[in-house]
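Chemist: Handing you this structure, nothing more for now.
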Ligand code: HEM
């Protein structure tokens, strides 16, 4: 297991390496003044008919950024089917159709101007606001990448990753232990499929036993929803009891053995992350403020700007 000293060094080196690009708030003010309004209106319309699109779009932004930077590559479907979103950790990603709808409207209004990566970042911001989360300004000016490969996506954090591995995967993107806790609290909204729970409920780290950190009555409830050999696609709220609202209930659940995902429970098992769980559980205003800061930081991860990358005409195609 890596020591704290090694982790701190990785964090420092990574933050030096990924300092962010020349993104700016209001990048499209001159070139496509209605860009942010168009995205907001498409996302709001979709949310009103199906509120589950908000967590889906927030997750999409994370998965875009954490693999090869925020470059829209998570949206791509390549002819050989070997694109980034095929990796196991990306299972269940949704919301591409909403990004496609916003892109189609933007291509009509300002052809070739607004990148898919920016649409994803804006849609995530609007999704947070729609679920009562903090409002924040999104930097734009990202350009889309030329590559989308399932091989690169192996770096995506997995539910079964030990906390030390999660810390390293975030550090490799310039994100600190605090960022890991604050950003993962995006799980305050949304659902998971039972197949992500199987290891935790029935064979935790190869022990053939459940994760001992789950409170016993909650374990029985979870096993009832996700029985062995049952339908792995059944979905349950990740923030038990408060899955529709962006709040700090998520942290209280972790403290009480009521975390749903193994990787969420793991946040309370390590001295680098545990104090942040305790802190935010008791401080909703700090959480709202720090989440806004952290998600803007996530949106800078290896962003392509200036002459790098390009603006795709269709988000699902690398062309
Ligand atoms: C620590 C690393 C993380 C792991 C291992 C992880 C894993 C997962 C898993 C397994 C699901 C369930 C997916 C499904 O069944 O459809 C999920 C859902 C979700 N994740 Fe994460 N996640 C992590 C961090 C994050 C971060 C940093 C964000 C956003 C900033 C995020 C946002 C979400 C959202 C909003 C959902 C709900 C999606 C929905 O309802 O469709 N996650 N995550």
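Residue numbers (the working numbering): 20 to 338. Glycine included, C-beta positions come from ideal geometry on N, C-alpha and C.
Cβ-heavy atom distance between residue 282 and ligand 1 below 6 Å?
Modeler: In the chain shown, the residue the question calls residue 282 occupies position 263. Because some heavy atom of ligand 1 lies under 6 Å away, the Cβ of residue 282 counts as near it: yes.
Chemist: Based on Cα-Cα distance, which residue from 117, 74, 99 lies nearest to residue 61?
Modeler: Numbered from its first residue, the chain shown carries residue 61 at position 42. Nearest Cα to residue 61 within the set 117, 74, 99: 117.
Chemist: Kindly list the residues whose CB is nearer than 8 Å to the CB of residue 288, restricted to its own chain and excluding five residues on each side of it in sequence; keep chain order.
Modeler: Counting from 1 along the chain shown, the entry for residue 288 is found at position 269. Non-local beta-carbon contacts of residue 288 in its own chain, meaning distances under 8 Å to residues more than five positions away in sequence, involve 182, 232 in chain order.
Chemist: Helix, strand or coil: how does DSSP classify residue 329 here?
Modeler: For this step, residue 329 is matched to residue 310 along the chain shown. Residue 329: strand per DSSP, three-state reduction.
Chemist: Give me, in chain order, the residues of the same chain whose beta-carbon lies closer than 6 Å to that of residue 261; leave out the 5 immediate sequence neighbours on both sides.
Modeler: Here residue 261 refers to the residue found at position 242 when the chain shown is read from its first residue. Once the five neighbours on either side are set aside, the close Cβ partners of residue 261 are 268.
Chemist: Taking 6 Å as the line, does the beta carbon of residue 224 fall inside it for any heavy atom of ligand 1?
Modeler: Here residue 224 is taken as the residue at index 205 of the chain shown, counted from 1. No, since every heavy atom of ligand 1 falls outside the 6 Å radius drawn around the Cβ of residue 224.
Chemist: Is there at least one non-hydrogen atom of ligand 1 closer than 6 Å to the beta-carbon of residue 267?
Modeler: Indexing the chain shown from 1 puts residue 267 at position 248. Every heavy atom of ligand 1 is 6 Å or more from the Cβ of residue 267, so no.
Chemist: Rounded to a whole number of angstroms, what is the C-alpha to C-alpha distance between residue 97 and residue 152?
Modeler: For the purposes of this step, residue 97 is taken as the residue at position 78 of the chain shown. For the purposes of this step, residue 152 is taken as the residue at position 133 of the chain shown. Those two C-alpha atoms are separated by around 34 Å.
Chemist: Taking 6 Å as the cut-off, does the CB of residue 178 come closer than this to any heavy atom belonging to ligand 1?
Modeler: Locating residue 178 in the chain shown gives position 159, counting from the first residue. In this structure, ligand 1 has a non-hydrogen atom nearer than 6 Å to the beta-carbon of residue 178.
Chemist: Contact check, residue 283 vs residue 163 under 8 Å by CB: the rounded distance?
Modeler: Mapped onto the chain shown, residue 283 falls at position 264. Mapped onto the chain shown, residue 163 falls at position 144. Not quite, the Cβ-Cβ distance comes to about 31 Å (not below 8 Å), so this is no contact.
Chemist: By Cβ distance, which residues of its chain are closer than 7 Å to residue 135, with the 5 residues on each side in sequence left out?
Modeler: For this step, residue 135 is matched to residue 116 along the chain shown. The residues are 91, 94, 118, 122, 163, 331, 334.
Chemist: Can you have a look at residue 250 and say buried or exposed, based on whether 16 or more other CB atoms are within 10 angstroms of its CB?
Modeler: Indexing the chain shown from 1 puts residue 250 at position 231. Looking at its Cβ environment, which holds fewer than 16 other Cβ atoms inside 10 Å, residue 250 is exposed.
Chemist: Between residue 222 and residue 45, what straight-line distance do the alpha-carbon atoms span, to the nearest angstrom?
Modeler: The residue given as residue 222 occupies position 203 in the chain shown. The residue given as residue 45 occupies position 26 in the chain shown. Distance between the alpha carbons of residue 222 and residue 45: 49 Å.
Chemist: So, at 6 Å on beta carbons, what are the nonlocal neighbours of residue 205 in its own chain, with the 5 sequence-adjacent residues on each side left out?
Modeler: As a first step, residue 205 is located in the chain shown; it is residue number 186 there, counting from the start. Excluding sequence positions up to five before and after residue 205, its CB lies within less than 6 Å of the CB of 77, all in the same chain and listed in chain order.
Chemist: Please list, in chain order, all residues of the same chain as residue 129 whose beta carbon is under 6 Å from its beta carbon, the five residues on each side excluded.
Modeler: As a working mapping, residue 129 is identified with position 110 in the chain shown. Closer than 6 Å at the Cβ level, and outside the excluded window around residue 129, lie 51.
Chemist: In chain order, which alpha helix (DSSP H) runs of at least 4 residues are fully inside the segment 100–171?
Modeler: 115–128, 135–149
Chemist: So, with DSSP's three-state summary, where would you put residue 207?
Modeler: Here residue 207 refers to the residue found at position 188 when the chain shown is read from its first residue. Correct three-state label for residue 207: helix.
Chemist: Under a three-way DSSP split, which group does residue 300 fall into?
Modeler: Along the chain shown, read from residue 1 onward, the residue named residue 300 stands at position 281. Secondary structure of residue 300 (DSSP, three-state): helix.
Chemist: Any heavy atom of ligand 1 closer than 6 Å to the CB of residue 202?
Modeler: Here residue 202 refers to the residue found at position 183 of the chain shown. Indeed, a heavy atom of ligand 1 lies less than 6 Å from the Cβ.
Chemist: Nearest to residue 246 by CA position, among 68, 272, 212, is which residue?
Modeler: For the purposes of this step, residue 246 is identified with residue 227 of the chain shown, where counting begins at 1. Checked all of 68, 272, 212; the closest Cα to residue 246 is 212.
Chemist: Please list, in chain order, all residues of the same chain as residue 75 whose beta carbon is under 7 Å from its beta carbon, the five residues on each side excluded.
Modeler: As a working mapping, residue 75 is identified with position 56 in the chain shown. Same-chain partners within the cutoff: 113, 114.
Chemist: Which residue from 290, 184, 271, 324 puts its Cα closest to that of residue 302?
Modeler: Sequence index remark: in the chain shown, residue 302 carries index 283 (1-based). Distance from the Cα of residue 302 is smallest, within the candidate group 290, 184, 271, 324, for 271.
Chemist: I need the straight-line Cα distance from residue 188 to residue 167, nearest angstrom please.
Modeler: Translated into positions along the chain shown, residue 188 becomes position 169. Translated into positions along the chain shown, residue 167 becomes position 148. A straight line joining the alpha-carbon of residue 188 with that of residue 167 spans about 19 Å.
Chemist: I'd like the list of long-range same chain contacts for residue 336, defined as Cβ closer than 6 Å, with 5 residues on each side in sequence excluded.
Modeler: As a first step, residue 336 must be located in the chain shown, where it is residue number 317. Excluding residues within five positions, none has a Cβ falling inside 6 Å.
Chemist: Which one of 138, 290, 309 has the shortest CA to CA distance from residue 299?
Modeler: To locate residue 299, count along the chain shown from 1; it is residue 280. Considering only alpha carbons, the answer is 309.
Chemist: Can you find a CB in chain C that lies within less than 7 Å of the CB of residue 190?
Modeler: The structure shown contains no chain C; it is built from a single protein chain.
Chemist: Can you give the Cα-Cα distance for residue 196 and residue 47, rounded to whole angstroms?
Modeler: Looking up residue 196 in the chain shown gives position 177. Looking up residue 47 in the chain shown gives position 28. Taking the straight line joining both Cα atoms gives about 33 Å.
Chemist: Using the DSSP secondary-structure output, state which residues sit across from residue 254 in a beta bridge.
Modeler: Your numbering for residue 254 matches position 235 in the chain shown. Paired residues: 212.
Chemist: Between residue 311 and the rest of its own chain, which residues show a CB-CB distance below 8 Å, the 5 nearest in sequence each way excluded?
Modeler: Locating residue 311 in the chain shown gives position 292, where the first residue counts as 1. So the list reads 153, 154, 155, once near-sequence residues are dropped.
Chemist: Could you check what DSSP says for residue 242 in three-state terms: helix, strand or coil?
Modeler: By 1-based counting over the chain shown, the position of residue 242 is 223. If DSSP states are grouped into helix, strand and coil, residue 242 belongs with the helices.
Chemist: Taking the alpha carbon of residue 279 as the reference point, which residue from 315, 209, 175 has its own alpha carbon closest?
Modeler: Taking the chain shown and counting its residues from 1, one reaches residue 279 at position 260. Comparing Cα-Cα distances from residue 279 to each of 315, 209, 175, the minimum goes to 209.
Chemist: Less than 7 Å separating the beta-carbons of residue 178 and residue 237?
Modeler: In the chain shown, counting from the first residue as 1, residue 178 sits at position 159. In the chain shown, counting from the first residue as 1, residue 237 sits at position 218. Pairing residue 178 with residue 237 gives a Cβ-Cβ distance that is not under 7 Å.
Chemist: With distances taken from CA atoms, which of 290, 201, 194, 107 is nearest residue 321?
Modeler: The residue given as residue 321 occupies position 302 in the chain shown. If we check each option's Cα against that of residue 321, 194 comes out closest.
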